[in-house]
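2 protein chains.
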Amino acid sequence: MTLIALDVMSGDLGAQECVPAALLALESDVSLRLKLVGQARVIAPLLEAVALAPGVRDRLELIEASEIITMSDAPREAIRRKKQSSMRIAADLVHDGLAAGMVSAGNTGALTAISHFVLKCLPEVERAPIMTSIPNRRAFTQLLDVGANLRATPVQLRQFAIMGAIVARDVHGHERPRVGLLNIGEEETKGHDLVQEAHALLKDFKPVDWKKSGDQAIFDYVGFVEGQDIFSGDIDVVVTDGFTGNVALKTMEGVAGLIGDRLKREFTADLPSKLAGMAARPVLKRVSASLDPRRFNGAIMVGLKHIVVKSHGSADRYAMAQAIAIAATAVRKRLVQHVSQALGSGDHSTC
Amino acid sequence: MTLIALDVMSGDLGAQECVPAALLALESDVSLRLKLVGQARVIAPLLEAVALAPGVRDRLELIEASEIITMSDAPREAIRRKKQSSMRIAADLVHDGLAAGMVSAGNTGALTAISHFVLKCLPEVERAPIMTSIPNRRAFTQLLDVGANLRATPVQLRQFAIMGAIVARDVHGHERPRVGLLNIGEEETKGHDLVQEAHALLKDFKPVDWKKSGDQAIFDYVGFVEGQDIFSGDIDVVVTDGFTGNVALKTMEGVAGLIGDRLKREFTADLPSKLAGMAARPVLKRVSASLDPRRFNGAIMVGLKHIVVKSHGSADRYAMAQAIAIAATAVRKRLVQHVSQALGSGDHSTC
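For the record, the sequence lines run as chains D and V.
Sequential numbering of the first sequence, starting at 1, is according to my numbering.
Sequential numbering of the second sequence, starting at 1001, is according to my numbering.
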């Protein structure tokens, strides 16, 4: 059994979507147990409203948490003042060994702060980045950091690269992932001092420095990559700081929305376009489904002593169920141990 | 007559596309004169190969420049060692009053360095950002900086906001543009110290501080915006540093390419899809044309004492002709004077 704590009160849609998500996840994974953390008076009616599949109720437990961290709570205040929040209590459960990992769709800054404060980084890790899957021309690119650490030092960017490679290998099956450092050009002369220094660290990085067994590199560092390379399919892991990564992620969503909007507008512009739209609908639906962010919701905060998965704030039940599945997979793959091993002989932490 | 110097040797495609672009621009704008700066032995055969429309040859002059700045030249080296390059000589012509503005598709770092070194910022401006048009749900959003200054201080970000508003008003016809500061969330608590400080400066910014006549604000500062807001149509000017802006810009291109690729793949997957694709082709072409980056090529480097327009490195002749038209418009609109007036009573320069 894999036991995950779910913060059901956070996110734009809160318990209304998180509770059904929990049921979807439990129904599709019989080795999963969930602790639903939140206000029982909100959660109980939502559970009562649905007919639970057999065996689901037994794998479900309610944990009362009276407070909610909102999107406008500052991270420090969230730690200091909201000790009874669903996010904090979910983290406490993981810390106390009562759950193997947690999932939250809440305030990214608060989740980052609470994860670092309660669950701690691995001794080898300075800061834990958030890593998410982005569709590319072949499959998926892993992008990190997408918002946990707004700034990152060169040493931290190197750690992000190593951790990203481990997740890409263990969770996404890339045997020797190709890792690139996000910059404004591919040429070695491009970029500010921070990416230049990170590049120098990664270029000179010998496998023997950080992988204890064998001399096989865990990843291939391909050097600088640009925004468009996230989607080419030639790069498996793209490394950047959390500010840039978050802007890139939200820009992607914006462009996809704009193109969807233009397609809708043009396919309804006049009668011939509407007829063409009817003929094209099955094809457009396939394209839309293949890029549907709900399919790859669930960003791992990697480098902590436990598994924390961040769901998109506006995730619906299907997207949220996907994030729960990611957390379960990460626990089962022993991701924390593998990251710790990979970084074993590396730098030491200040987390 | 508006006289523009065109660096025809730079960019991924060089004179092969820049020379035809010059002819297209001259044919469509009878008040335009161009100085083609580059290697005469390369340019002359390209001119001889085409039948020039009447009156075009007279508005065209060749200026010899023996060197070329490549994409891998470091900005400092470009200034120090390539004084005979087409980019440098184009800037020198503008400096010497022999052209009113210049256009180049070359190395952004080198163009930024040469523009600042040869043409200088306005006395009120610290650093000149590059500003480009991005399609949104209604029309276009102006995004700056997309790559001139990899870092920006809060004061510089405030200057970017003012300059962006002036370009949006004068060149793009937004009477009182809505200006937002790019961040990882809209809430006031979000973001690192740099965006927090810039936000404080912009929030407290009174029109009387920087606009000499009247008490009408030139723009409305709407606060923090996120990546997806670039495309909503609700924001006219989005302000960020050159690193983040460049990553956002290239990410957009990547997403658009990915979606185009998926559409192509699905519309050729089987016979019914192919038939649907034939029916949908005119509609898809309209969507594609409405988002074609060639239509809005030409990013203004704003805040200099003269007009400099950066074309996309891979611009073809049509895109390059559009960049030339932008430069001519900026000169005719007296953009430099208006920016100088708007910043008139503001901060002083270190450029």
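Heads up, the beta-carbon is just placed ideally off N, CA and C, and yes, glycines get one too.
### Task
State buried or exposed for V/Lys1274, treating a residue as buried only when at least 16 other CB atoms are found within 10 Å of its CB.
Exposed: under 16 other Cβ atoms inside 10 Å.
### Query
DSSP three-state call for D/Met363: helix, strand or coil?
Any property of residue 363 of chain D remains undetermined from this structure, which presents chain D solely from 1 to 351.
### Query
How about D/Ser273: is its Cβ closer than 6 Å to a heavy atom in the ligand NAD?
What this structure holds is no ligand at all, so the ligand NAD is not there to describe.
### Task
List the residues of chain V that D/Ile230 touches, going by C-beta distances under 8 Å, in chain order.
Correct list: Thr1251, Gly1254.
### Message
To the nearest angstrom, how far is the alpha carbon of V/Val1030 from that of V/Leu1119?
### Response
Computed Cα separation, rounded: 27 Å.
### Amino acids of chain V, ordered along the chain, whose beta-carbon sits closer than 8 Å to that of D/Asp261
Those are Arg1137, listed as they occur along chain V.
### Message
According to DSSP, is V/Gly1038 part of a helix, a strand, or is it coil?
### Response
Strand at V/Gly1038.
### Query
In the structure shown, what three-state DSSP assignment does V/Leu1263 receive?
Three-state result, V/Leu1263: helix.
#### Entry: Rounded separation between V/Ile1144 and V/Gly1303 - CA only
In the sequence under discussion, the amino acid at residue 1144 of chain V is Leu, which differs from the Ile named in the question. When rounded, the distance between both Cα atoms is 12 Å.
### Task
Using the Cα positions of V/Lys1190 and V/His1199, report the straight-line distance between them to the nearest angstrom.
Note on geometry: alpha-carbon atoms of V/Lys1190 and V/His1199 lie some 11 Å from one another.
### Query
Just the Cα atoms here: how many angstroms apart are V/Lys1212 and V/Asn1297?
Only weak support exists for where V/Lys1212 lies, its pLDDT of 47 falling under 50; the value from the coordinates is given anyway. A direct Cα-Cα distance of roughly 33 Å separates V/Lys1212 from V/Asn1297.
### Message
Mapping the DSSP letters down to three states, classify D/Ser86 as helix, strand or coil.
### Response
Here D/Ser86 sits in helix by DSSP.
### Query
Using a Cβ-Cβ distance under 7 Å, would V/Thr1244 count as near chain D?
Yes, its Cβ sits closer than 7 Å to a Cβ of chain D.
#### Entry: Alpha-carbon spacing of V/Glu1188 relative to V/Ala1099, whole angstroms
Near 45 Å, if we compare the C-alpha coordinates of V/Ala1099 and V/Glu1188.
### Task
Note down, in chain order, every chain D residue with its Cβ under 7 Å from the Cβ of V/Ser1290.
For V/Ser1290, the neighbours in chain D by C-beta distance under 7 Å run, in chain order, Arg262.
### Message
Please report the straight-line C-alpha distance between V/Leu1181 and V/Gln1341, rounded to a whole angstrom.
### Response
Separation of V/Leu1181 and V/Gln1341 (C-alpha to C-alpha, rounded to the nearest whole angstrom) is 23 Å.
### Query
According to the Cβ coordinates, are V/Ser1115 and V/Met1301 closer than 7 Å?
Yes. Within cutoff.
### Query
Which residues does DSSP pair with D/Met301 in a beta bridge?
Under DSSP, the beta-bridge partners assigned to D/Met301 are D/Ile130, D/Val308.
### Query
Could one say the Cβ of V/Asp1209 lies closer than 7 Å to chain D's Cβ atoms, at least one of them?
Since pLDDT at V/Asp1209 reaches only 44, below the 50 mark, its modelled position is unreliable, and the value read off the structure follows with that caveat. Not an interface residue.
### Task
Identify which residue in D/Leu32, D/Gly38, D/Pro20 has its Cα closest to the Cα of D/Gly55.
The candidate whose alpha carbon is nearest that of D/Gly55 is D/Leu32.
#### Entry: Terminal residues of the beta strand (DSSP E) in which V/Phe1224 lies
It spans 1220 to 1225 - the beta strand (DSSP E) in which V/Phe1224 sits, taken as one unbroken run.
### Listed by chain order, chain V residues near D/Thr2 by CB distance under 9 Å
Result: empty, since nearest Cβ-Cβ is about 31 Å, beyond 9 Å.
### Query
Helix, strand or coil: how does DSSP classify D/Arg33 here?
Of the three classes helix, strand and coil, the one that applies to D/Arg33 here is strand, per DSSP.
### CB contact below 7 Å: V/Thr1189 versus chain D
Under the 7 Å criterion on CB atoms, V/Thr1189 is classed as interfacial with respect to chain D.
### Task
Measuring alpha carbon to alpha carbon, tell me which of V/Asn1107, V/Ala1051, V/Glu1067, V/Ala1049 ends up nearest V/Ala1315.
With distances taken between Cα atoms, V/Ala1315 lies closest to V/Asn1107.
### Message
Can you give me the C-alpha to C-alpha distance between V/Ala1323 and V/Val1309, rounded to a whole angstrom?
### Response
Roughly 7 Å separates the two Cα atoms.
### Message
What does the Cβ neighbour count give for V/Gln1142, buried or exposed, with the cut at 16 atoms within 10 Å?
### Response
Classification for V/Gln1142: buried.
### Query
Of all the CB atoms in chain V, is at least one closer than 7 Å to the CB of D/Phe117?
Not closer than 7 Å to any Cβ of chain V, the Cβ of D/Phe117 fails to qualify, so no.
### Message
Between which two residues does the alpha helix (DSSP H) holding D/Gln228 run?
### Response
Going by DSSP, D/Gln228 is part of no alpha helix (DSSP H) at all; its letter is neither H nor E.
### Query
With a cut-off of 7 Å, does the C-beta of V/Phe1224 fall near any C-beta of chain D?
Not an interface residue.
### Query
Between V/Ala1319 and D/Gln156, what straight-line distance do the alpha-carbon atoms span, to the nearest angstrom?
If you draw a straight line from the Cα of V/Ala1319 to the Cα of D/Gln156, it comes to about 40 Å.
#### Entry: chain D residues whose Cβ lies nearer than 8 Å to that of V/Glu1067
Those do not exist, as V/Glu1067 stays about 17 Å from chain D at its closest Cβ, beyond 8 Å.
### Task
Can you give me, in chain order, the residues of the segment 1005 to 1017 of chain V that have a beta carbon less than 8 Å from any beta carbon in chain D?
Residues: none.
### Message
Using CA atoms only, rank isn't needed, just tell me which of D/Gly257, D/Glu186, D/Asp12 is closest to D/Phe224.
### Response
Closest by alpha carbon: D/Glu186.
### Message
Quick check on the burial criterion: 16 or more other C-beta atoms within 10 angstroms. Buried or exposed for V/Pro1129?
### Response
With a threshold of 16 other beta carbon atoms within 10 Å, V/Pro1129 meets it and is buried.
### Task
Using a Cβ-Cβ cut-off of 7 Å, state whether V/His1172 counts as contacting chain D.
Not closer than 7 Å to any Cβ of chain D, the Cβ of V/His1172 fails to qualify, so no.
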